[in-house]
Structure formats: structure tokens, C-alpha cells
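First up is the structure itself, then whatever we jot down about it.
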Amino acid sequence: MTAERIVFILTAIFLLASALKVVTSRMLMHAALWLVAALFGVAVLFAMLQASFLAVAQVVVYIGAIAILFIFTDMLTRKDLRDQGQQTRSNWWLPALLGLLLLVGLSSIILGIPGVDRTFTALPEGFDPVRSLGIALVSPDAYVLPFEVASVLLLAALVGAVYLAGVFKKD
Amino acid sequence: MSFTEFLNNPIGSLATWLTGLLSGWGLSNMLAVLLVTLVGITVLIVFAMVLDIMLVWVERKVVARFQDRLGPNRIGPFGLIQPFADIIKLVIKEDITPAGADKVIYNIAPVLAAASVIALWAILPLSSKIIGVDLNVGLLYLVATGALGTLAIIMAGWSSNNKYALVGAFRMVANMISYEIPMVIVLLIPTILANTMSIQGITQAQSGMWFAILSPLGFLIFFVCAIAELGRAPFDLMEAESELTAGFNVEYSGMKFGWFFASELLHAFTFGGFVALLFFGGYGGFFGLEKINGFGWLTNPFVEVVVFIAKAMFGYWAIMWVKYSMPRIRIDHMLAFNWKFLVPLSLVVLVTTAILNKVLIVLPAWQYTLGMFASNLVIASGTFEILRAAARKQRKIEKILVRP
Amino acid sequence: MSVPLSWYLFLAAALFCIGLYGVLARKNAIAMLLAVELMLNAVNINLVAFWRYLRPVQMSGQVFAVIVIAVAAAEVAVGLALIISVFRRRKTVMADEIDLMKW
Numbered sequence: 014m015t016a017e018r019i020v021f022i023l024t025a026i027f028l029l030a031s032a033l034k035v036v037t038s039r040m041l042m043h044a045a046l047w048l049v050a051a052l053f054g055v056a057v058l059f060a061m062l063q064a065s066f067l068a069v070a071q072v073v074v075y076i077g078a079i080a081i082l083f084i085f086t087d088m089l090t091r092k093d094l095r096d097q098g099q100q101t102r103s104n105w106w107l108p109a110l111l112g113l114l115l116l117v118g119l120s121s122i123i124l125g126i127p128g129v130d131r132t133f134t135a136l137p138e139g140f141d142p143v144r145s146l147g148i149a150l151v152s153p154d155a156y157v158l159p160f161e162v163a164s165v166l167l168l169a170a171l172v173g174a175v176y177l178a179g180v181f182k183k184d
Numbered sequence: 061m062s063f064t065e066f067l068n069n070p071i072g073s074l075a076t077w078l079t080g081l082l083s084g085w086g087l088s089n090m091l092a093v094l095l096v097t098l099v100g101i102t103v104l105i106v107f108a109m110v111l112d113i114m115l116v117w118v119e120r121k122v123v124a125r126f127q128d129r130l131g132p133n134r135i136g137p138f139g140l141i142q143p144f145a146d147i148i149k150l151v152i153k154e155d156i157t158p159a160g161a162d163k164v165i166y167n168i169a170p171v172l173a174a175a176s177v178i179a180l181w182a183i184l185p186l187s188s189k190i191i192g193v194d195l196n197v198g199l200l201y202l203v204a205t206g207a208l209g210t211l212a213i214i215m216a217g218w219s220s221n222n223k224y225a226l227v228g229a230f231r232m233v234a235n236m237i238s239y240e241i242p243m244v245i246v247l248l249i250p251t252i253l254a255n256t257m258s259i260q261g262i263t264q265a266q267s268g269m270w271f272a273i274l275s276p277l278g279f280l281i282f283f284v285c286a287i288a289e290l291g292r293a294p295f296d297l298m299e300a301e302s303e304l305t306a307g308f309n310v311e312y313s314g315m316k317f318g319w320f321f322a323s324e325l326l327h328a329f330t331f332g333g334f335v336a337l338l339f340f341g342g343y344g345g346f347f348g349l350e351k352i353n354g355f356g357w358l359t360n361p362f363v364e365v366v367v368f369i370a371k372a373m374f375g376y377w378a379i380m381w382v383k384y385s386m387p388r389i390r391i392d393h394m395l396a397f398n399w400k401f402l403v404p405l406s407l408v409v410l411v412t413t414a415i416l417n418k419v420l421i422v423l424p425a426w427q428y429t430l431g432m433f434a435s436n437l438v439i440a441s442g443t444f445e446i447l448r449a450a451a452r453k454q455r456k457i458e459k460i461l462v463r464p
Numbered sequence: 013m014s015v016p017l018s019w020y021l022f023l024a025a026a027l028f029c030i031g032l033y034g035v036l037a038r039k040n041a042i043a044m045l046l047a048v049e050l051m052l053n054a055v056n057i058n059l060v061a062f063w064r065y066l067r068p069v070q071m072s073g074q075v076f077a078v079i080v081i082a083v084a085a086a087e088v089a090v091g092l093a094l095i096i097s098v099f100r101r102r103k104t105v106m107a108d109e110i111d112l113m114k115w
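Chains as they are written, first to last, in the numbering used here: chain A, 14 to 184; chain B, 61 to 464; chain C, 13 to 115.
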């Protein structure tokens, strides 16, 4: 049992516990805050995988923007934030069963992958993942087109969101 | 461990010595390194918190001078013991949790607010040898901890079960999220000039020339965004004593309020430090003076710490200067100033800097510096022209409206 | 010995299934979107883990993860705007009460 494995197990327990709280909390506000905890756990996993840019971007985008957006929407769509009563459908056992079945199926697939027990080797000397990611995102022989399309998509989503949620008075 | 070794690399040599000592006691190497790291973290946090206590005194003394008062002067020489008296007062006050508050979130919020600031100290290089960790995404880390601070404020505002607190939190979040955008854009300017996102690399790239001279507009925009991110006047809408009593922390009392107060002060000082690091050469930036014979002592870690603290204090003082001389602005003005002025301006500055940096880099150093500085002057004068034209148009419309 | 790849894959699978349960079982539309975020993050864990374990020199895995984050941000913005718009007309965000095509 190395230090890395101990950190992974602790992070995994934290992540799964917060994820369970996200889908089971009665109060939506608590669910949103548990989502923040879960996303933070994912950021820790990214850091363990040496994807430092993604780890920080995860915190900036998910916690700094998306979680705040959820909290705001939660506040805008009800008068009383203390949600009462049943928050799940009456036949909630069916999705639970489906989730368990999917977990069993995915696990059997994962166990069948050849070489799934490999551990990673050190990165090549002088290789900087952040620099390579930056080059890959803007280089014409790599991913400049998807990257640009993603930015156009974000712009379109921004305009669409303003149009959908905004109130435009006719005068 | 020899004395010269300690002088040249105080923390590193102490850590090596301590690790060796612990290993000598029979601990495994991994455990020794872990223990020494924990000790290092504790020392850093204690240093930051002790500095924080002294900042209370600095802030009170400076605001007193701005308002033509003497400030604390009763306890100890120059009132230096005053902050400790403040802390004792805060600790023995009644600790109230309001009825209907969401207790867990209410109690986590002040801790998170303080943690988001202390987390910044992990990447703050006090000298070339004294640094927690030199991340290759240091600048983004700076933005990420800001996101945690936003979360702490909205948690505090929501869980207090108080409408003033919630309105204050709403305003603060609108403020922080919108000012984060020009801030991220201008943070790209040091990145372009230094070719790296690590704070250490950016500081060392300024040993010849400060980035504040290469990009004065970038520095100014960052400074304004830093003040907005701190929520200090003129952007202190989340506290707005006259409208919201005290904003998001209205329900907090005792030491929990103290945590918010302390984290705000430390945040201001830390941002003063980042202004120094990103635009004024941080602990170095002597314009090549340290390479001349007889000035080698400038690169000694102790000298560097003193230089850094002095520069950070100057930045902190400038933030206080703005805070205590500007009136609060209205929320629609604040958002309009961000979206209609700062964001377009920062985009123009970024694009110009990126292009000119590639074009002018072939020239000798003094021509490069002059070109970068002149480009900023041109952008600034152009901005003033556009603003003047817009104001003239606005006045014309208002004249028509008033006298039809 | 560092962590084997399978541990990451199992964790991501579990996270995905929790998210799936949340999407199908919750009544509140905002809670469903929260669960969708969990599923997207599970996918991201897989992408980054495969990048690190299989082809660390090729940046495809990380690039995909970046684009997933961007798409998630767009999805949340539009999704929440839709929910606010629906709330304004129907005064509810419970998915089982929004069952009319036109009102």
C-alpha cells in the first residue's frame, strides 16, 4: 500500500459519498453544494493523473461557474428553499436497479480489457503536458477546428441562454 | 549544515537537515519527508496568520492617517498590541447561530473563506528559494482559489437565513464572476511576455524589465480587477453598510466574523503581493543590478524576502489608498464598467501585446521596451478619445431630454 | 507501485451509475441536470486516465476532456435557462408536472 494508493482510496470514498449525497439530498441547495465537493474530488483525481491544467480548469469552470449557476437557478425557481416531501419518483427502485445492473455490466467489461492492471510510467524527460496541450489545441494539424467550434458553441449557448431566460419588455 | 548554506537557502537546508535528523531516529524516508512537509505547511500558515494580525494594525493605522486621526495608540508602543486585544475581544464574544440557519454550511463558510486565501500562499514565492510549490499552471490556480472564495461568500449569505445577507452575497457573486473575465484576460499578458504560467518563471523573466513598464495598461486592469475581486471600495457592494447593514456576514459574530475579516485583510495583502510578482518583478526585478560586481548580495534569500514584503506592502497600501478615498459605485455602473469598458479594453491590450511581442522581440531590448510602452500609450489615448465622444453624445441626448 | 488503471475505470463507472440513477429517479429538473454533470465528469475521468496510462505523449485525451468541459458549460447554461423559462410559465420545475406540449 503506497501513499498514492491511500490518497486514491480516500479521494474515491469522498467522491462517491458526495455523488451519492448529490442524488439523494432532499434539499436541492445541499445537492448543489455536494456536487461542488464531488467535482473537487474529480479535480484531485486529475491532479493525481498529472493533468494539472485540467485539475485547475475543473475548479475554475465547474466550481467557479457551473456550481454557482446551479445555486442561482435553485434560488430563482422556488419561494421556499427548504424542499419538503419526496424528491424522487415513486418508482425510484427501477432506476436504482438499472444503475446497479449497468455497474455490474461495466465492471465485467473493465475486467475483460487486456492490460487493465497496468500502472503508469513516468512522463518522458522534458515533456510538459501543459505546453503540449496548448500546442495541440491551436495547431492546425491537431485540434484547432474542434477547439474553434467549441468556442462558437459556447457563444451560441450564451446568446441562447440570455434569450431563453431574459425578460424582454415590448414597448 | 554550515552557516553559509543556511544563508543561501534557509528553508531548503533546514528541511534537508530535519529530514536527515528524523531518518536518524529510525523513521522511514517517506514518513520523514511527509512530516517535514507538514511542518513546512504549518510554518507557512502560521507566518501568514501572524502577518495577518499585524495587517489589522497596519490597516487601522493607515485608515486613521487618511482620515486625519491617530488610530490605535493606547496599548503598546504605537498601539502595536491592539490587534491582540481585538482578537481576545472576538474570542470571548457570544457565538450566535441564527434560528433557521443551515448550521453546517453556516459554520463551514468562514473556514472556506480563510482557506481560499491561505491556499494562495502555496504558490506565493517569498524569494527564489522560499516557495511552497512552483505550479506550471500558477496563474490559473490564482483564479481557481478566487472561485472558492466566491463559493464561501454565497454559502455564508444563503445559510444565514437573512435577506440582507443573501442580497449581499448575490451582489458579491455578480461582482466576482464578471470581474474574473478581464482578470483572466490580462493574466494572459504576463503569460505571453514570460512564456510561462508559473509564478516563479514570470518573476524571473522580469529580472531585466518589469512587466508594468512593458504593459502598464495590463497592470492597471489587473489592479482594478483585483480590487473588485477583493470586494473592497469602490466595489464593496456586498457590504454596503448603508443599504445592507453589513452584507453577507451580517449574522456572523465573534471569531467567525473574525475569520471573514482576517481573510479579507490577508487577501488584500496577498493580491498586493501578486501585483508585485506579476508586474513589478516580485522579490527580484533589479534591472540587472544584481549582476554588477558588489551587488551580488541582492540575490540573497533574506534580502529577497524583505524586497518582496516591501513591494507587497506598497501594493496593499495602494489598495487601501483607493478604498479610503473613493465612494461606492452603483451596481449597474459597476457591471457596465466591467462589460462595456474593461472587457473590450483588456481584449485590445491582449491582442496588441501578443502581436507586438512577436514582432518586436527581434529588436534590441531598449527598442522593444519603448515599442511596448508606446503601444500602450496609443491604446490609452484612443480609449480616452472614444470615452470622450461617448460622453459628448450622452450629454447631447440628456440635453434634448431635459429641454425638448 | 502506483494506482492501476482499473481503479480509475471502476471509480468512473460507479460515478456514472450514480449519475444515471439521479437523472432517472429525481423529480426536480435542476437535480436531473446536477446528475448529468456527474455523468459527464465520470467520462472525463476515463478520458484523462486513458490519456495518462496509454498515450501520455499524445494529447488527444486531454483535448477531449477540455471540449467536454466546454460542452458541459454550454449545456448547463442553456438547460438552466430553459428551466427558468419553464418556471416562469408553469410555476414549477418538477419534471412530472411539466407534461403538456402546449398551454
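C-beta: ideal position from N, C-alpha, C; glycine also.
Is the separation between the beta-carbon of B:P294 and that of B:I389 shorter than 8 Å? Within the second sequence, the letter at position 234 stands for residue 294 of chain B. Within the second sequence, the letter at position 329 stands for residue 389 of chain B. Cβ atoms of B:P294 and B:I389: closer than 8 Å.
For C:R38, the three-state DSSP class (helix, strand or coil): One-based indexing of the third sequence puts residue 38 of chain C at position 26. DSSP places C:R38 in strand when its eight states are reduced to three.
Could you tell me whether the Cβ atoms of B:Y343 and B:P185 are closer together than 8 Å? Taking the second sequence and counting its residues from 1, one reaches residue 343 of chain B at position 283. Taking the second sequence and counting its residues from 1, one reaches residue 185 of chain B at position 125. Taking 8 Å as the Cβ cut-off, B:Y343 and B:P185 qualify as a contacting pair.
Any 3 or more C-beta pairs closer than 8 Å across the stretch 265-284 of chain B and the stretch 364-374 of chain B: no
Quick one: what's got a C-beta closer than 8 Å to B:L87's C-beta in the same chain, skipping five residues either side? Sequence index remark: in the second sequence, residue 87 of chain B carries index 27 (1-based). Contacts found: L95.
Where does the unbroken alpha helix (DSSP H) through A:L111 begin, and where does it stop? By 1-based counting over the first sequence, the position of residue 111 of chain A is 98. That run of the alpha helix (DSSP H) goes 106-125.
Going straight from the alpha carbon of B:L410 to that of B:V403, what length do you get? Taking the second sequence and counting its residues from 1, the one referred to as residue 410 of chain B is at position 350. Taking the second sequence and counting its residues from 1, the one referred to as residue 403 of chain B is at position 343. Their Cα atoms are separated by approximately 10 Å.
Kindly list, in the order they appear in chain A, the residues whose Cβ is closer than 7 Å to that of B:Y201. Residue numbering aside, residue 201 of chain B sits at position 141 when the second sequence is read from its first letter. Those are V69, listed as they occur along chain A.
Is there a Cβ of chain B sitting closer than 8 Å to that of A:M61, yes or no? Position 48 of the first sequence, counted from the first residue, corresponds to residue 61 of chain A. Not closer than 8 Å to any Cβ of chain B, the Cβ of A:M61 fails to qualify, so no.
Sub-8 Å separation of B:I214 and A:I81 beta-carbons: As a working mapping, residue 214 of chain B is identified with position 154 in the second sequence. As a working mapping, residue 81 of chain A is identified with position 68 in the first sequence. Closer than 8 Å, so yes.
Report yes or no: is there a C-beta of chain B within less than 8 Å of the C-beta of A:G77? Here residue 77 of chain A corresponds to residue number 64 of the first sequence, with the count starting at 1. Closer than 8 Å to some Cβ of chain B, the Cβ of A:G77 qualifies, so yes.
Can you give the Cα-Cα distance for A:F59 and B:L437, rounded to whole angstroms? For the purposes of this step, residue 59 of chain A is taken as the residue at position 46 of the first sequence. For the purposes of this step, residue 437 of chain B is taken as the residue at position 377 of the second sequence. Approximately 42 Å between the Cα atoms of the pair.
Residue closest to B:Y428, alpha-carbon to alpha-carbon, out of B:K189, B:G332, B:M269: Numbered from 1 along the second sequence, position 368 holds the residue referred to as residue 428 of chain B. Among B:K189, B:G332, B:M269, the Cα nearest to that of B:Y428 is on B:M269.
Residues of its chain near B:T359, where Cβ-Cβ distance is below 6 Å and the 5 sequence neighbours each way are ignored: Working through the second sequence from its first residue, we reach residue 359 of chain B at position 299. The residues are E350.
What residues are listed by DSSP as bridge partners for A:T101? In the first sequence, residue 101 of chain A corresponds to position 88, counting from 1. DSSP lists C:R38 as partners of A:T101.
Does A:P142 pass the burial test, meaning 16 or more other C-beta atoms within 10 Å, or should it be called exposed? In the first sequence, residue 142 of chain A corresponds to position 129, counting from 1. Under this definition A:P142 is a buried residue.
Could you tell me whether the Cβ of A:F53 comes closer than 8 Å to any Cβ of chain C? As a first step, residue 53 of chain A must be located in the first sequence, where it is residue number 40. Chain C, which has no Cβ nearer than 8 Å to the Cβ of A:F53, makes this no.
Does the stretch 442-460 of chain B come close enough to the stretch 30-43 of chain C that 3 or more CB-CB pairs lie under 8 Å? no
At 9 Å on the CB atoms, spell out the chain A contacts of B:T210, in chain order. If you number the second sequence from 1, residue 210 of chain B lands on position 150. Correct list: I76, G77, I81.
So that I know if they touch, is there some Cβ in chain A lying closer than 8 Å to that of C:N56? Counting from one through the third sequence, the residue named residue 56 of chain C turns up at place 44. Interface residue, yes.
Please say whether B:L405 and B:T472 have beta carbons closer to each other than 8 Å? Here chain B comprises residues numbered 61 to 464, so residue 472 of chain B is not present and cannot be evaluated.
Contact with chain B by A:D130, beta-carbon distance below 8 Å: Counting from 1 along the first sequence, the entry for residue 130 of chain A is found at position 117. Chain B, which has no Cβ nearer than 8 Å to the Cβ of A:D130, makes this no.
Alpha-carbon spacing of B:V99 relative to B:A92, whole angstroms: By 1-based counting over the second sequence, the position of residue 99 of chain B is 39. By 1-based counting over the second sequence, the position of residue 92 of chain B is 32. Those two C-alpha atoms are separated by around 11 Å.
On the DSSP bridge assignment, give the partners of C:M106 in chain order. Position 94 of the third sequence, counted from the first residue, corresponds to residue 106 of chain C. Answer by DSSP bridge pairing, in chain order: C:N40.
Does C:E49 get closer than 8 Å to chain A when you measure Cβ to Cβ? Here residue 49 of chain C corresponds to residue number 37 of the third sequence, with the count starting at 1. It does: the Cβ of C:E49 has a partner Cβ on chain A nearer than 8 Å.
B:I352 versus B:F346: straight-line alpha-carbon distance, rounded: Here residue 352 of chain B refers to the residue found at position 292 of the second sequence. Here residue 346 of chain B refers to the residue found at position 286 of the second sequence. Distance between the alpha carbons of B:I352 and B:F346 is about 11 Å.
Along the alpha helix (DSSP H) that carries A:W47, what are the first and last residues, could you check? The residue labelled residue 47 of chain A in the question sits at position 34 within the first sequence. Run containing A:W47: 41-61, per the alpha helix (DSSP H) assignment.
DSSP three-state label for B:L130, please. The residue given as residue 130 of chain B occupies position 70 in the second sequence. It is coil, neither helix nor strand.
Among C:S18, C:L36, C:R102, C:R67, which one has its Cα closest to the Cα of C:M51? Counted from its first residue, the third sequence places residue 51 of chain C at position 39. Closest option to C:M51, Cα to Cα, is C:L36.
Measuring alpha carbon to alpha carbon, tell me which residue in B:A124, B:R120, B:I152 is nearest B:P143. As a working note, residue 143 of chain B is residue 83 in the second sequence. Nearest option by C-alpha distance: B:R120.
Just checking, does the stretch 305-318 of chain B make contact with the stretch 224-240 of chain B on the three C-beta pairs under 8 Å criterion? yes
Any C-beta of chain B under 8 Å from that of A:V73: In the first sequence, the residue the question calls residue 73 of chain A occupies position 60. Chain B contact via Cβ: present.
Ranges of the alpha helix (DSSP H) found wholly within the stretch 221-269 of chain B, counting only runs of at least 4: 223-254, 259-265
Selection from A:L177, A:F66, A:L167 that minimises the alpha carbon distance to B:L200: Residue numbering aside, residue 200 of chain B sits at position 140 when the second sequence is read from its first letter. Closest option to B:L200, Cα to Cα, is A:F66.
Helix, strand or coil: which one does DSSP assign to B:T305? On the second sequence, residue 305 of chain B is found 245 positions in, with the first residue counted as 1. Three-state DSSP puts B:T305 in coil, outside helix and strand.
Whether B:N69 touches B:A161 by CB criterion (8 Å): Against the second sequence, residue 69 of chain B aligns to sequence position 9. Against the second sequence, residue 161 of chain B aligns to sequence position 101. Their beta carbons are not under 8 Å apart, which means B:N69 does not touch B:A161 by this criterion.
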